[in-house]
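For the sequence shown, the UniProt record's numbering begins at 1 and goes up steadily by one. Please read the structure below before turning to the comments.
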Amino acid sequence: MTEMETAHEARTVVLLLGAGERTRELAPAFEHLGAQVVTADAVADAQTLTALIEQHAARYVVADLDTAEATNVATTGALHAIADRDDVEVFPTLRSIRFALDGEALRRLAADELGLPTAPFWFAGTVEELTAIGQHAGFPLVVKPVSGAPGEGESVLLRPEDVEPAWQRAVAAGAPTRRRVIAESVVEVDVEVTLLTVRTAGPAGPTVSFCEPIGHHQSPEGSLESWQPQQLSPVALDSAKSIAARIVNSLGGRGVFAVELLVRGDEVYFSDVRPRLQDSGLVTLRSQRLSQFELHARAVLGLPVDTIMISPGAAEVTCSADADARLVLGEALAVAESDVRVLRSEPPVRVSLATAPDPIVARDRARRVASALRRSV
């Protein structure tokens, strides 16, 4: 065997489960660190997963669970079967996966066990129970499925007659085996924030680092706007970091966690946490020295990370028809400090990015890029 072949055989192998756009963006981040990456669709059973690990001598298995319940259940079961192996590490941890797929358990962990501040909440398993919650708590209420993709199946209830449609919408968007919803009192907030929190290994044990807060807003048309940094008061920033550290350390493992927070003045409320990369974090492709993908790869491999923001930035994420954007790319990229990423998903996702000395200017530039791209649809 030649020296080059020996070096190739010694390369760290990362098995990425899931063929979505996040996996395609994450693979190069591992490869740039010298890892060999093998990608596979969601695995249906433990035997298939074990065969893949043995075939490629995988050292790390990194799963990106999608919103399909059947896929999640199959993949989680397969991961359980290999979790105790000494020669393989699984990311996220099985504990993280369990809470990511069960919003009811996650909220009880955050509020009841960890004592994190949250909006007042209740759970319902029938439309009658949801009706009773409305009578008890009053309106407005936010209702969403306990298990499902962020934002899907969510409604704001303003009156008793809104209960039945909100129930139907929530259970249709949630997992079929979990016909339960969460109802929350509406908390008046200034901004919704994603705090990307990186948990990795350090000389003295696990360490937690934070990116600058990312503000985000979902438009009625479905596009997601995010910007970094979102300025918080010193008190709110300390509270946000404390909340994020407590929930992430409770879940354990290594990697990037997207902690969702509601902020009003100095008050911060926990909303959600995802043990994976988030669309709002796509702004880091331009705003940070290391993007969320590079941070995740480093953390999984146990390497040092830094969360330095090199410039204020903004992004607009839009799902679009599969149209050729080349005719308007010139106009889009003529915007100062702009960039465009087209993620190969179904439907395609276009990410309009921009930086500027100020996040307000960066948001305006990103909007101009997105406006130009929309003219290609």
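Heads up, the beta-carbon is just placed ideally off N, CA and C, and yes, glycines get one too.
Query raised in the report: Are three or more beta carbon pairs between the region 129-139 and the region 195-204 nearer than 8 angstroms?
Result: Output reads no: the region 195-204 does not touch the region 129-139.
Requested in this report: Following the continuous alpha helix (DSSP H) through P234, name the residue where it begins and the one where it ends.
Outcome: 234-251 is the span of the alpha helix (DSSP H), which, as asked, contains P234.
Query raised in the report: CB E89 to CB Y60, shorter than 8 angstroms?
Result: Yes, the Cβ-Cβ distance between E89 and Y60 is below 8 angstroms.
Report task. Would you check if the region 201-208 and the region 77-84 touch, i.e. whether three or more CB-CB distances between them fall below 8 angstroms? Result -> Remark: fewer than three beta-carbon pairs, one from each stretch, lie closer than 8 angstroms, so the region 77-84 and the region 201-208 are not flagged as touching.
**Report entry** Cβ shell of I247 (< 7 angstroms), same chain only, five flanking positions each side left out
**Finding:** Here the set comprises A110, L114, L116, V259, F270, V273.
Query raised in the report: Within 10 angstroms of its Cβ, does P347 collect 16 or more other Cβ (buried), or is it exposed?
Result: Exposed: under 16 other Cβ atoms inside 10 Å.
Query - Coarse secondary structure for R11, derived from DSSP in three states - result: The answer is coil: DSSP assigns R11 none of H, G, I, E or B.
**Report entry** Element boundaries [beta strand (DSSP E), containing G148]
**Finding:** Note, G148: premise wrong, no beta strand (DSSP E); not H, not E.
Query - Backbone CA spacing between S311 and R341 [nearest angstrom] - result: S311 and R341 have their C-alpha atoms roughly 18 angstroms apart.
Query raised in the report: Which residue from F293, L262, V263, G222 puts its Cα closest to that of L277?
Result: Of the candidates F293, L262, V263, G222, the one whose C-alpha sits nearest the C-alpha of L277 is F293.
Report task. Taking the CB atoms as reference points, tell me whether P229 and P359 lie closer together than 8 angstroms. Result -> Yes, the Cβ-Cβ distance between P229 and P359 is below 8 angstroms.
Query - Stretch-stretch touch, CB-based, cutoff 8 angstroms, three pairs: the region 331-340 with the region 366-374 - result: Yes, since at least three Cβ pairs between the region 331-340 and the region 366-374 fall closer than 8 angstroms, the two stretches touch.
Query raised in the report: Excluding the five sequence neighbours on either side, which residues of its own chain have a C-beta within less than 8 angstroms of the C-beta of L26, listed in chain order?
Result: Contacts found: L16, V62, D64, L277, F293, H296, A297.
Query raised in the report: To the nearest whole angstrom, what separates the beta carbons of P220 and G174, a pair I think is in contact under 8 angstroms?
Result: P220 to G174, Cβ: 22 angstroms. No contact.
Query raised in the report: What first and last residue would you give for the beta strand (DSSP E) that runs through F270?
Result: From DSSP, the beta strand (DSSP E) with F270 extends over 267-274.
Query raised in the report: Any Cβ of chain B within less than 8 angstroms of the Cβ of V235?
Result: Of the chains in the structure shown, none is chain B; there is only one protein chain.
Query raised in the report: What are the boundary residues of the alpha helix (DSSP H) that includes R22?
Result: Its alpha helix (DSSP H) spans residues 21-31.
Query - Proximity winner among R180, P275, L303, T48, relative to L33 (alpha-carbon distances) - result: The shortest C-alpha separation from L33 is found at L303.
Query raised in the report: Can you tell me whether DSSP reads L16 as helix, strand or coil?
Result: In this structure, L16 counts as strand in the three-state DSSP scheme.
Query raised in the report: What is the residue span of the alpha helix (DSSP H) that E129 lies within?
Result: Boundaries of the alpha helix (DSSP H) around E129: 127-137.
**Report entry** For S185 and A354, the rounded distance between their alpha carbons
**Finding:** Distance between the alpha carbons of A354 and S185: 35 angstroms.
Report task. With DSSP as the reference, please indicate the residues paired to W122 in a beta bridge. Result -> Here W122 is bridged, per DSSP, to A183.
Query raised in the report: Hey, would you say V351 sits closer than 8 angstroms to L290, going by beta carbons?
Result: With respect to L290, V351 sits apart: the two C-beta atoms are not nearer than 8 angstroms.
Query raised in the report: Residues in its own chain within less than 6 angstroms of S239 by CB, not counting five upstream and five downstream?
Result: Only V268 meet the Cβ criterion.
**Report entry** Whole-angstrom C-beta distance between V328 and V349, which should lie under 8 angstroms
**Finding:** Not confirmed; about 16 angstroms, so no contact.
Query raised in the report: If you draw a straight line from the C-alpha of D162 to the C-alpha of S147, how long is it?
Result: Each residue's alpha carbon lies about 21 angstroms from the other.
**Report entry** Within 8 angstroms, strictly: CB atoms of W227 and A183
**Finding:** Taking 8 angstroms as the Cβ cut-off, W227 and A183 do not qualify as a contacting pair.
Query raised in the report: Counting along the chain, where does the beta strand (DSSP E) carrying P206 start and finish?
Result: Per DSSP, P206 belongs to the beta strand (DSSP E) from 205-210.
Query - Under the three-state DSSP convention, the category A58 falls into - result: Residue state, collapsed to three classes: coil.
Query - alpha helix (DSSP H) segment containing P36, residue limits - result: Rather than Pro, the amino acid found at residue 36 in this sequence is Gln. Q36 -> not in any alpha helix (DSSP H); beta strand (DSSP E) instead, spanning 36-40.
Report task. List the endpoints of the continuous alpha helix (DSSP H) containing G103. Result -> Note, G103: alpha helix (DSSP H), 103-108.
Query raised in the report: Going by the CB atoms, is the gap between A336 and R365 shorter than 8 angstroms?
Result: Cβ atoms of R365 and A336: closer than 8 angstroms.
Requested in this report: Decide if A29 is buried, meaning its Cβ has at least 16 other Cβ atoms within 10 Å, or exposed.
Outcome: That one is buried.
Report task. Within the same chain, show all residues whose beta-carbon is closer than 8 angstroms to that of A251, passing over the 5 residues directly before and after it, in chain order. Result -> For the record, residue 251 in the displayed sequence is Leu; it is not Ala. Cβ within range, chain order: P92, T93, R95, S96, F99, F257, V273, P275.
Report task. In angstroms with no decimal places, state the Cα-to-Cα distance between T118 and P203. Result -> If you take the alpha carbons of T118 and P203, they lie about 34 angstroms apart.
Requested in this report: Check the DSSP bridge columns for Q288 and list the partner residues they point to.
Outcome: According to DSSP, Q288 bridges with M309.
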